[in-house]
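Student: One structure, as structure tokens, below. Some questions next.
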Amino acid sequence: MKKLLLYWGPVLIWMGLIFYSSAQPYSEQDIRPLLHDAVSLEWVSTYFSDLAFYYAGEEVSIHKLSEAGYIEFFIRKGTHVIVYLILAVLLYRAFRNLFEKHASIISLSLLTTCLYAVSDEIHQGFTVQRSPHMEDVALDSVGAIIGVFLAHYMLYKKSGLPTKRQLRNERN
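If you read the sequence shown in our numbering, its first letter stands for residue 3, the second for the next number, and so on.
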């Protein structure tokens, strides 16, 4: 039971934090006032006033969002990648404790993280001032891919940790 909590506890806590965050209306997560108060944003207009693009059918530009809104957009989307990168690492760690085959660990970690990203976007569809976007699932999936491969590299390639199969063969 201790081992189960050790590996799956952090996964469930992290998933709970994601769920809690997705249940908050945008107005409770709006960091534009903080950006206005804490940072001079003149440089944003100077360097990025001509840069505009569309994300989830909406224009992303300084003209449309203001300097603070423009910066907030990139912070929020970067957060998607980082949050799901961490979830993927935690899932990789938990699945690594259950399975021996690297392919199973990698596949299950990616699949579970991506499915949770989809469920999170669906959940946001029921939250006031929030809307689901498949583009966010794509960002979450990028974070998942990076996280799984970072975890795999750190745990097996770089650290030289033996696999369960190698440990078992050494005992025999």
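Here a beta-carbon is modelled for each residue, glycine too, at the ideal position from N, C-alpha and C.
Could you pull the start and end residues of the alpha helix (DSSP H) that residue 69 belongs to?
Tutor: Segment 64-98, the alpha helix (DSSP H) holding residue 69.
Student: Are residue 13 and residue 119 close, meaning C-beta to C-beta below 8 Å?
Tutor: no
Student: Let's test the definition: count the other Cβ atoms within 10 Å of the Cβ of residue 11 and tell me whether it reaches 16, buried, or not, exposed.
Tutor: Exposed, because fewer than 16 other Cβ atoms sit within 10 Å of the Cβ of residue 11.
Student: Whose C-beta lies closer than 7 Å to the C-beta of residue 135 among residues of the same chain, with five residues either side of it excluded?
Tutor: 58 and 123
Student: Return yes when the Cβ of residue 131 is within less than 8 Å of the Cβ of residue 24, no when it is not.
Tutor: no
Student: Are the CB atoms of residue 84 and residue 72 nearer to each other than 8 Å?
Tutor: With a cutoff of 8 Å on beta-carbon distance, residue 84 and residue 72 are scored as not near each other.
Student: Could you tell me the alpha carbon to alpha carbon distance between residue 152 and residue 56, rounded to whole angstroms?
Tutor: 30 Å
Student: Looking at residue 149: is its Cβ nearer than 8 Å to the Cβ of residue 110?
Tutor: no
Student: Using a Cβ-Cβ cut-off of 8 Å (strictly less than) and excluding sequence neighbours within five positions of residue 129, which residues of its own chain qualify?
Tutor: In the same chain as residue 129, and ignoring 5 residues on each side of it, the C-beta atoms closer than 8 Å to its own belong to 24, 25, 26 and 27, in chain order.
Student: DSSP on residue 102, reduced to helix/strand/coil?
Tutor: Looking at residue 102 - three-state DSSP - the assignment turns out to be coil, as it is neither helix nor strand.
Student: Could you check what DSSP says for residue 55 in three-state terms: helix, strand or coil?
Tutor: strand
Student: Per DSSP, which one or two residues make a beta bridge with residue 44?
Tutor: In DSSP, residue 44 forms no bridge with anything.
Student: Answer with buried or exposed for residue 89, where buried requires no fewer than 16 other C-beta atoms within 10 angstroms of its C-beta.
Tutor: buried
Student: If you count every other CB in all the chains shown that lies within 10 Å of the CB of residue 70, and 16 or more means buried, which is it?
Tutor: buried
Student: Are the beta-carbon atoms of residue 74 and residue 43 separated by less than 8 Å?
Tutor: No; because the gap between Cβ atoms is not below 8 Å, this pair is not in contact.
Student: Would you report the Cα separation of residue 99 and residue 5, rounded to the nearest angstrom?
Tutor: If you take the alpha carbons of residue 99 and residue 5, they lie about 9 Å apart.
Student: For residue 139, which option in 156, 155, 157 and 114 has the closest C-alpha, if you only look at C-alpha atoms?
Tutor: In terms of CA proximity to residue 139, 114 leads the group 156, 155, 157 and 114.
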